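Single-structure report; data block below.
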Amino acid sequence: MLNNKAILITGGTGSFGTELVKTLLRDHNLGKIIVYSRDEYKQAIMAQAMPDDRLRFFIGDVRDLNRLNMAMREVDLVVHAAAMKHVPIAEYNPMECVKTNVVGAENVVQAAIANRVPKVVALSTDKACNPVNLYGATKLASDKIFVASNNLSGNTGTKFAVVRYGNVVGSRGSVVPYFRDLIAKGSDHLPITDPRMTRFWITLDQGVDFVLSSARMMQGGELFVPKIKSMSIVDLAKAMAPNCPHKIVGIRPGEKLHEVMITEDDARFTIELEDRYVVQPALAWWSYKGYGDIGRLVPEGFRYASDNNPEWLNAAALTAMLENPASLHG
Numbered sequence: 041m042l043n044n045k046a047i048l049i050t051g052g053t054g055s056f057g058t059e060l061v062k063t064l065l066r067d068h069n070l071g072k073i074i075v076y077s078r079d080e081y082k083q084a085i086m087a088q089a090m091p092d093d094r095l096r097f098f099i100g101d102v103r104d105l106n107r108l109n110m111a112m113r114e115v116d117l118v119v120h121a122a123a124m125k126h127v128p129i130a131e132y133n134p135m136e137c138v139k140t141n142v143v144g145a146e147n148v149v150q151a152a153i154a155n156r157v158p159k160v161v162a163l164s165t166d167k168a169c170n171p172v173n174l175y176g177a178t179k180l181a182s183d184k185i186f187v188a189s190n191n192l193s194g195n196t197g198t199k200f201a202v203v204r205y206g207n208v209v210g211s212r213g214s215v216v217p218y219f220r221d222l223i224a225k226g227s228d229h230l231p232i233t234d235p236r237m238t239r240f241w242i243t244l245d246q247g248v249d250f251v252l253s254s255a256r257m258m259q260g261g262e263l264f265v266p267k268i269k270s271m272s273i274v275d276l277a278k279a280m281a282p283n284c285p286h287k288i289v290g291i292r293p294g295e296k297l298h299e300v301m302i303t304e305d306d307a308r309f310t311i312e313l314e315d316r317y318v319v320q321p322a323l324a325w326w327s328y329k330g331y332g333d334i335g336r337l338v339p340e341g342f343r344y345a346s347d348n349n350p351e352w353l354n355a356a357a358l359t360a361m362l363e364n365p366a367s368l369h370g
């Protein structure tokens, strides 16, 4: 699928984008990779760290439709990873979050259709499912925009799909590097928001592989959800610092006790495959039957949440994930 193709990654200098670029350069015979982001310093660092003739750097913001139009010329696949996703900052700056996550999504759609890009895969988040914070609400709006845009592309042939997954271990702003920093500084406790809290966990390389495999199989309109493992925040803290006491600090505004990736309402349109769930669009134009041939419709009342997940991480598995992310593949 990717041989001699051109791929554009919005937010390409972020945690996910950087890992995706590494994987593409290492494992695929691409024509070129366009890193589209607004941080020239991060682009300069990436260019020094990954010198490769296939790599192109394009300064731009997803808020800028004209710039996106220029960047997407002769592109075969867009991976839309750019987002404003820090929950408290989004709550304090709501319109900035809307401009990036919602207006930015619309701009990506318009530029992709105008340039007849064959495929666009947009990254979502578990927080977009039954959102309780602004970040989640904007990503839900973004998801809806990308799914519905399959009805707008007409004879351009552009197809859009969404990938939704949970917390990325070790990504910037996540709890793992926060706990690591506290432990390194010799903190006498680790703060726990609520001892009942659970989360889905995925590694960066698992996320990259899932996005690429979803791009290969997409028909246009799907929301792909990987089967990944859960872990309680208490067990996470114990695994990282077995002898460090915990202090309950309370749930922050916009947080949930448990994350949900598929609701009971979405379950009516969800097919379970061996390694993922496919939420099919509940729109009149969707007619693809192939997923039903290789999977099965989930049962009535199905709900995929971090507290009812049949797959759980233990301390040994988390340690393996932190030390060697590839150890959890398969």
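With the sequence shown counted from 1, adding 40 to any position gets you my numbering. Beta carbons: idealized from backbone N, C-alpha and C, even for Gly. All values reported here derive from a predicted model rather than from experimental measurement.
- In this structure, DSSP gives THR233 a state outside helix and strand, which the three-state scheme calls coil.
- Close CB contacts of THR238 within its chain, under the 6 angstroms cut and outside five residues either way in sequence, are with SER270, SER272, HIS298, SER346, ASP347 (chain order).
- Secondary structure note for PRO134: its alpha helix (DSSP H) is the uninterrupted segment 134–138.
- Inter-residue distance for ASN170 and ASN349 is about 17 angstroms (C-alpha atoms, whole angstroms).
- ARG316 counts as buried, since no fewer than 16 other beta carbons sit within 10 angstroms of its beta carbon.
- When the five nearest sequence neighbours on each side are left out, the beta carbons in the same chain lying within less than 8 angstroms of the beta carbon of ASP104 are those of ASN147, in order along the chain.
- According to the DSSP secondary-structure assignment, HIS286 is paired through a beta bridge with LEU230.
- Annotation for TYR218: the continuous alpha helix (DSSP H) segment containing it runs 215–224.
- Its Cα nearest to that of ALA121, the residue LEU48 stands out among LEU48, LYS287, GLY206, MET41.
- Between VAL203 and the set ARG256, LEU353, GLU114, PHE250, the nearest pair of CA atoms involves PHE250.
- Here the alpha carbon of SER214 sits roughly 18 angstroms from the alpha carbon of LYS287.
- In the structure shown, ASN147 adopts helical secondary structure according to DSSP, grouped into three states.
- Beyond the five residues adjoining it in sequence on each side, ASP67 comes within less than 7 angstroms, by CB distance, of no other residue in the same chain.
- Within the region 75–103, the complete beta strand (DSSP E) segments of 3 residues or longer fall at 95–99, listed in chain order.
- Apart from the 5 residues on each side of it in sequence, ILE291 sits with its Cβ closer than 8 angstroms to the Cβ of THR233, ASP234, MET237, LEU297 in its chain, given in chain order.
- Within the same chain, MET124 come within 6 angstroms of THR140 by CB-CB distance, once the 5 residues on both sides are set aside.
- The residue among GLY197, ALA89, LYS267 with its C-alpha nearest the C-alpha of TRP241 is LYS267.
- In the assembly as shown, ASN43 is an exposed residue. Its beta-carbon has fewer than 16 other beta-carbons within 10 Å.
- ARG343 sits close to GLU304, with the two beta carbons spaced by under 7 angstroms.
- In this structure, SER193 places its C-beta atom within 7 angstroms of the C-beta atom of ILE153.
- Apart from sequence neighbours up to five positions away, the residues of its chain that approach MET280 with a beta-carbon distance below 6 angstroms are PHE219, ordered along the chain.
- A contact between stretches requires three or more CB pairs, one per stretch, nearer than 8 angstroms, and the region 131–138 meets this requirement with the region 171–181.
- Assignment of ILE242 by DSSP, reduced to helix, strand and coil, places it in the strand class.
- LYS72 is a Cβ neighbour of ARG96, given a cutoff of 7 angstroms.
- In this structure, the beta-carbon distance from ALA324 to PHE309 does not fall below 7 angstroms.
- Secondary structure note for ILE334: its alpha helix (DSSP H) is the uninterrupted segment 330–334.
- Between TYR81 and the set ASP92, ALA277, ASN69, PHE98, the nearest pair of CA atoms involves PHE98.
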